[in-house]
Amino acid sequence: MDALFCLFLAMALSPQARAQSKDPAIPELKLQIAKMQEQLRDQQAVIEQMQRHLAELEAKETAHVAAPLPSPTETRTVTAADLPQQEPASRIHRPPSAMAGVEEPLPEGYIRLGETGSLLRLDVIAQLDLMFDNKFMGEQDLFVPSSIPVQGSPFHDSDTRSNLSARQSAVRMDFRRNTPYGLLKVVYLNNFFGDGGPDMDYNLQYLYGELEAEGFNFLAGYGLSAFTDIDAFPNTLDYEGPNSFTFKYTPQVRFSPTLYRHGEGRLTLPMSLEKPNADIAVLGDYAPYSRWPDATLGLRWETPDWHVQWANLFRDLAVQSATGDATRTTEAYATQLTFAAGVFGDDSIQGWASAGKGYADFLQDIAGLGLDAAFNPQLELEAIDAHGYGAGYTHAWSDTLSTSASYGHLRIDPDADLFLDPGLPESTSFASLNLAWQFSDRAMMGAEWLWGRHRDLTGATGEAQRVQVSLRYDLNP
13 MDALFCLFLA MALSPQARAQ SKDPAIPELK LQIAKMQEQL RDQQAVIEQM
63 QRHLAELEAK ETAHVAAPLP SPTETRTVTA ADLPQQEPAS RIHRPPSAMA
113 GVEEPLPEGY IRLGETGSLL RLDVIAQLDL MFDNKFMGEQ DLFVPSSIPV
163 QGSPFHDSDT RSNLSARQSA VRMDFRRNTP YGLLKVVYLN NFFGDGGPDM
213 DYNLQYLYGE LEAEGFNFLA GYGLSAFTDI DAFPNTLDYE GPNSFTFKYT
263 PQVRFSPTLY RHGEGRLTLP MSLEKPNADI AVLGDYAPYS RWPDATLGLR
313 WETPDWHVQW ANLFRDLAVQ SATGDATRTT EAYATQLTFA AGVFGDDSIQ
363 GWASAGKGYA DFLQDIAGLG LDAAFNPQLE LEAIDAHGYG AGYTHAWSDT
413 LSTSASYGHL RIDPDADLFL DPGLPESTSF ASLNLAWQFS DRAMMGAEWL
463 WGRHRDLTGA TGEAQRVQVS LRYDLNP
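Residue numbers 13 to 489, in the working numbering, belong to the letters of the sequence shown in order.
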């Protein structure tokens with residue numbers, strides 16, 4: 013009986029006991045434990061990752077200590093591989109009398125600019141020219157045939173003159189950087205032929221950027237006109253050079269795609285838009301201007317041993333009255349053929365010929381004289397016909413001794429009724445002969461004889477001669 017009572021009592025109380033055993037804190041505790049276990053697993057993964065990174069750093073430090081440290085010079089050495097050349101370098105021998113600072117520099121001589129990826133090459137040229145003229149000339153530091161006094165003009169029978177000049181001294185900086193599109197270049201060059209005075213006035217020559225890619229070159233900035241073929245410039249010690257050479261610095265944008273390749277040769281199509289400079293003999297209150305930029309278009313075939321270039325120039329010349337806003341316009345154009353080649357070992361030859369109308373501002377001897385165009389009696393603007401030609405030859409006596417000769421002739425052919433100053437030049441001629449010696453890797457000395465002839469629009473003529481002795485130091489040729 014007692015046993016049955018106890019069993020009945022247990023059965024009656026069991027639901028209440030089971031209900032009281034379900035404590036609400038238990039699920040929350042289990043959730044917290046699960047979260048802590050997950051955090052521990054994450055921390056363990058972080059610790060393992062940090063241990064692996066520590067092992068890698070210790071391995072690199074051990075290898076760095078074991079290997080000899082390179083010297084500062086070795087770490088900054090620049091080789092030809094750092095400056096990939098898209099085109100083969102010229103094999104035409106560069107004589108001691110060649111103009112310094114104008115050619116593409118060799119890969120040697122660059123330094124790295126820290127960790128920027130850019131390279132820099134600095135060249136400083138110090139040159140002194142001693143000159144003796146047999147008569148007074150308008151420009152003392154340059155031999156300019158158009159400034160020679162003609163018969164009947166002042167100083168035609170003047171005495172001999174002497175002069176010293178250091179204005180051919182120059183500073184050049186070349187920056188290079190490899191890009192995904194090709195080799196990027198920034199070029200800076202100045203000499204001291206500025207217009208501010210007689211001695212050492214700053215004159216900017218180059219400040220441009222150029223992208224040298226596999227199939228094209230793109231240039232933008234300030235430099236030589238695309239109509240100028242500096243590779244055909246003869247080797248004169250006188251900075252001015254032949255009278256008939258087309259030589260002009262100007263702001264520009266230039267694109268030169270490669271059309272064809274064969275062996276080491278390539279055919280390119282250089283074209284450019286350039287700042288116009290209408291050089292016009294004006295009347296009254298008229299002022300010169302241009303409605304659109306000068307444009308050039310050419311063809312160039314070049315190899316390491318020779319090149320030939322055909323260039324064409326298109327210009328717009330205009331004047332406008334300051335009071336009545338009346339305008340007069342005319343078109344101008346020119347074509348030019350130039351070449352240079354290595355011949356007979358280390359000898360070389362250069363040549364050029366140009367013709368057109370309204371391009372006098374590009375001709376070395378008569379630029380700036382207002383001979384692009386002039387008024388006729390009907391007050392119409394006419395572009396003036398002009399042509400020029402010349403040649404140069406260099407003979408190499410040895411690797412360090414050379415003789416160069418050059419000749420140039422130019423002429424303008426204006427209509428007889430144009431309003432022009434009769435004292436302006438109608439034609440000029442130029443000749444030079446020099447001997448130059450590269451007596452060390454970075455120093456040159458030479459002597460040059462120069463002759464010029466000037467004929468003005470009246471037919472009067474004059475001649476002059478100069479002897480020039482030059483000494484040049486080139487820091488990083």
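Backbone N, C-alpha and C define an ideal beta-carbon position, used for all residues, glycine too.
Cβ neighbours of residue i in the same chain (closer than 7 Å, five flanking residues each side left out)
i      : result
Asn202 : Ala182, Val183, Tyr214, Asn215, Leu216, Gln217
Ser268 : Phe228, Asn229, Thr280, Leu281, Pro282
Glu394 : Thr342, Ala385, Ala386, Asn388, Asp427, Leu430
Gly164 : Ala472
Pro157 : Asn255, Asp377, Thr440, Ser441, Phe442, Gly464, Arg465, His466
Sequence-distant residues of its chain with Cβ nearer than 6 Å to residue i (five each side left out)
i      : result
Glu222 : Lys197, Leu231
Asp317 : Arg103, Gly354
Gly150 : Ser159
Ala112 : Ile137, Asp486
Ile361 : Ala353, Val355, Tyr405
Thr315 : Glu276, Gly277
Gly121 : Arg133, Asn488
Pro119 : Ala92, Leu95
Leu140 : Ala178, Leu483
Ser333 : Asp297, Tyr298
Residue i - partner residues in DSSP beta bridges
i      : result
Tyr401 : Ala365, His421
Tyr200 : Met185, Leu219
Asp213 : Phe205
Gln376 : Its beta-bridge partners do not exist; DSSP assigns none.
Thr347 : Asn324, Ala367
Phe230 : Leu223, Phe267
Thr440 : Leu422, His466
Leu309 : Met283, Asn324
Val355 : Asp359
Trp318 : Ala353
Arg252 : The question names Arg, but residue 252 is Glu in the sequence shown. DSSP output for Glu252 lists no bridge partner at all.
Tyr503 : Because the chain spans 13 through 489 in this model, residue 503 falls outside it and cannot be assessed.
Asp145 : Arg173, Arg478
Per-residue DSSP class, three states only, for residue i
i      : result
Ile137 : strand
Asp94  : helix
Arg266 : strand
Ile292 : strand
Ile38  : helix
Pro300 : strand
Pro489 : coil
Ser159 : helix
Ile242 : helix
Asp433 : coil
Gln11  : Beyond the ends of the chain as shown, which are 13 and 489, falls residue 11; an answer cannot be given.
Ile45  : helix
Gln480 : strand
Leu132 : strand
Arg340 : strand
Gln332 : strand
Glu475 : strand
Ala57  : helix
Arg64  : helix
Leu52  : helix
Ser83  : Caution applies to Ser83, whose pLDDT of 47 falls short of 50 and renders its modelled position unreliable; the value that the coordinates give is listed next. Of the three classes helix, strand and coil, the one that applies to Ser83 here is coil, per DSSP.
Leu445 : strand
Leu125 : coil
Leu69  : helix
His274 : strand
Asp411 : coil
Ala78  : Reliability fails at Ala78, whose pLDDT of 45 lies under 50, so the model's placement of it is uncertain and the value that follows must be treated cautiously. The answer is helix: DSSP assigns Ala78 an H, G or I state.
Pairwise C-alpha distance: residue j and residue i
i      : j      : result
Phe451 : Met457 : 7 Å
Asp429 : Met143 : 40 Å
Ala448 : Leu132 : 30 Å
Val162 : Thr473 : 5 Å
Ala3   : Ala379 : Past the edges of the chain, shown from 13 to 489, lies residue 3, and the structure says nothing about it.
Leu271 : Arg188 : 25 Å
Thr240 : Val265 : 14 Å
Asn289 : Tyr301 : 7 Å
Pro263 : Leu285 : 9 Å
Arg273 : Leu349 : 21 Å
Trp409 : Thr415 : 8 Å
Gln480 : Ile396 : 34 Å
Lys147 : Thr89  : 53 Å
Tyr234 : Phe259 : 14 Å
Leu52  : Glu70  : 27 Å
Gly194 : Leu295 : 50 Å
Heavy atom of the ligand GDP within 7 Å of residue i beta-carbon
i      : result
Leu295 : Ligands in the displayed structure: none, and consequently the ligand GDP is not present.
Contacts around residue i, its chain only, beta-carbon distance under 8 Å, and the 5 residues preceding and following it disregarded
i      : result
Leu413 : Pro108, Leu447, Ala448, Trp449, Gln450
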